[in-house]
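The numbering used here numbers the first residue of the sequence shown as 683 and each following residue consecutively. Beta carbons are placed, not taken as given, at the ideal position from N, Cα and C, and that holds for glycine. Given the structure is predicted, the values throughout are model-derived calculations rather than measurements.
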Amino acid sequence: KDTGSQGIFALASAAMAASLASHGPAALVVAMLALGITMINPELAIRSVSRFSDEDTLQMAASNMSVPHEKLSPPPAGIVASVSEGASFLLVVSPANRTNPLDAAALATLLEKNVNWLRDALFHHGAIIFRGFHVPSANAFEQVALAISRDLATTYLGTSPRSSINGTTFVHTAADFAPHRTVPVHLEMSFRDQPPQTQMFYGYRLDHGKGGETPLTDFEGVWRTLSQDPEIREKYSSAGLQYIRNNDDCSALSRIDPLVQKCWQEMFKTSDRQQVLTKCKEELFNCTFLDDWQGRVRITNVQPFVRKHPVSGKTVWFNHINVLTRNSMVEDYERTAVLWGGLWGFWPLALSIYYRALFGLLSMFLNEIDFGSTVAFADGTAIPANHLAAFKRAIWKNTAQQPYQLHDIVVVDNLRVGHGREIYTGDKSLRKILTAWADEYPSKWFSK
């Protein structure tokens, strides 16, 4: 559990209570009135704090698809497909016979026999949900994933903590965070020269309460939205970004800075510093061990803000700003507060207030490069705050979010469609989303 965050949250609550008491009865009366108004109209209270509004919801059109519709063949026999309502980049595929759905072996065979349809559907839309099939286990998920790509990968240099699943070779947990931690949407490992091209998720256990969705974002649409602003289009169409990530030694892992998400031994799967430096060189990362920071490793590298999609040729927002900057998760909590609404919305709202206060407090003691992560222009200059706000709104406007159904398999084109994680209620053990990925599109997709 995030014990450091919980401890600070408790201290902050005690400090606020003490502050109110020190200002006497008048302050307590004002506080009680504010609380009463809030309980009567929680929506008003939430929206007065949140930066998310109804104008920031998904507004997608069919014209946003990357591959012309007339080039698509119909789905093969045994399945039906429909576009998710309001999100043209999300295709939902279900068994034609819902009373006797295809099992994992049958679904895998169908996908292997219909390679061209799968390829065209994924490039046309960007993401596919396989829903209602009999895929009851991690092994069954792996069987389907291997039918999509025989070249699944295991190397993971991302920011979220993950665990491999016993009995499988390529399946991992998606994110081993506590239920209250949000993960802003992102393209998997977009800070690498060669990030994964295909990503898959699987709803293994869904016994939690509210929340827990995997938001999906069309980052081709994000750049289309942003490029309507001439200043942003000119500044970022050829901009380079510098990523700075700090991973502590496992023996001195920060429990205070939420952006320090895992230690370097976990990241690189070794405690040998020389092996770490060798891997950094392979990835074109600049890595430095900081002994004055109890042996943390600082990883820096430069990547472009946008990239061209290798198949469609269209420009895609392709960076990790939304994960590695400190106010991003705060603003996503505010979005969740509005989406949940009512009294439920006070939990994510409280989290947003807490983390904003925590980052503000830490900024009094830490330089920007000493946080767990940060992003700047390639020359080290800061990205303007109003641009970061525009990025966030463009992302929200191109994000679809719907609840998982048990044993859903979600396949995304990771060079276009990003993913995140919504907070949820209930114990951590009640929700388990698994993942697998491939560094390259399947070669069979392009063979004649």
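Asked	Found
Nonlocal neighbours in the same chain, by C-beta distance under 6 Å from residue 904, ignoring five residues either side	999, 1076, 1077, 1080
Proximity winner among 768, 1095, 1069, relative to residue 994 (alpha-carbon distances)	1095
Per-residue DSSP class, three states only, for residue 1019	helix
Opening and closing residue of the alpha helix (DSSP H) in which residue 935 lies	It is not in any alpha helix (DSSP H) - residue 935 carries neither H nor E in the DSSP assignment.
Residue 942, enclosing beta strand (DSSP E) - first and last residue	Counting along the chain, residue 942 falls outside any beta strand (DSSP E), and DSSP gives it neither H nor E.
Residue 988 and residue 997 closer than 7 Å at C-beta	yes
Alpha-carbon to alpha-carbon, residue 734 and residue 1016	7 Å
Strand pairing of residue 1026, partner residues [DSSP]	Answer by DSSP bridge pairing: none, since residue 1026 is not bridged.
Proximity of residue 778 and residue 760 at Cβ, strictly below 7 Å	yes
Selection from 972, 839, 1070 that minimises the alpha carbon distance to residue 1009	1070
Minimum length 4: unbroken alpha helix (DSSP H) runs contained in the region 822–854	none
Buried versus exposed call for residue 1011 [16 or more other C-beta atoms within 10 Å across all chains shown]	buried
Span of the beta strand (DSSP E) around residue 772	772–777
Three-state secondary structure assigned by DSSP to residue 887	strand
Boundaries (first-last residue) of the alpha helix (DSSP H) holding residue 961	955–965
Where residue 894 sits in the DSSP three-state scheme	coil
Nonlocal neighbours in the same chain, by C-beta distance under 7 Å from residue 1126, ignoring five residues either side	797
Cβ contact (3+ pairs, closer than 8 Å) linking the region 809–823 and the region 836–854	yes
Nearest neighbour of residue 921, chosen from 841, 834, 1062, 1023 [CA to CA]	1062
Cβ shell of residue 810 (< 7 Å), same chain only, five flanking positions each side left out	773, 775, 803, 804, 1093
6 Å CB neighbourhood of residue 979 in its chain, flanking five on each side removed	929, 946, 969, 971
Test item: CB-CB of residue 1104 and residue 840 under 7 Å	no
Residue 1123 versus residue 808: straight-line alpha-carbon distance, rounded	13 Å
Integer-rounded CB distance, given that residue 1060 should sit under 8 Å from residue 908	Between residue 1060 and residue 908 the Cβ distance is about 19 Å, and since that is not below 8 Å, they are no contact.
Test item: CB-CB of residue 1109 and residue 864 under 7 Å	no
Member of 889, 941, 884 whose CA lies at the smallest distance from the CA of residue 843	941
Three-way DSSP call (helix, strand, coil) for residue 746 in this model	Below a pLDDT of 50, predicted positions are generally treated as unreliable, and residue 746, at 47, falls in that range; the measurement from the model is reported next regardless. Three-state DSSP puts residue 746 in a helix.
Cut-off 6 Å between Cβ atoms - residues of its own chain near residue 935, not counting five sequence neighbours on either side	945
DSSP three-state assignment for residue 705, whether helix, strand or coil	Interpretation of residue 705 is limited by its pLDDT of 49, a score under 50 that renders its predicted location unreliable; no figure is taken from the coordinates.
Residue burial classification, residue 1055 (beta-carbon count within 10 angstroms, cutoff 16)	buried
Other residues of its chain near residue 1025: CB distance less than 7 Å, five sequence neighbours each side excluded	724
Residue 817 beta carbon less than 7 Å from that of residue 991	no
Nearest-angstrom beta carbon gap, residue 793 and residue 800 [assumed within contact, 8 Å]	6 Å
Residue 1120 versus residue 789 - alpha carbon distance	19 Å
Residues that DSSP places opposite residue 882 in a beta bridge	1093, 1118
Own chain partners of residue 1020 with C-beta closer than 8 Å, once the 5 adjacent residues on each side are dropped	728, 729, 732, 734, 735, 1027
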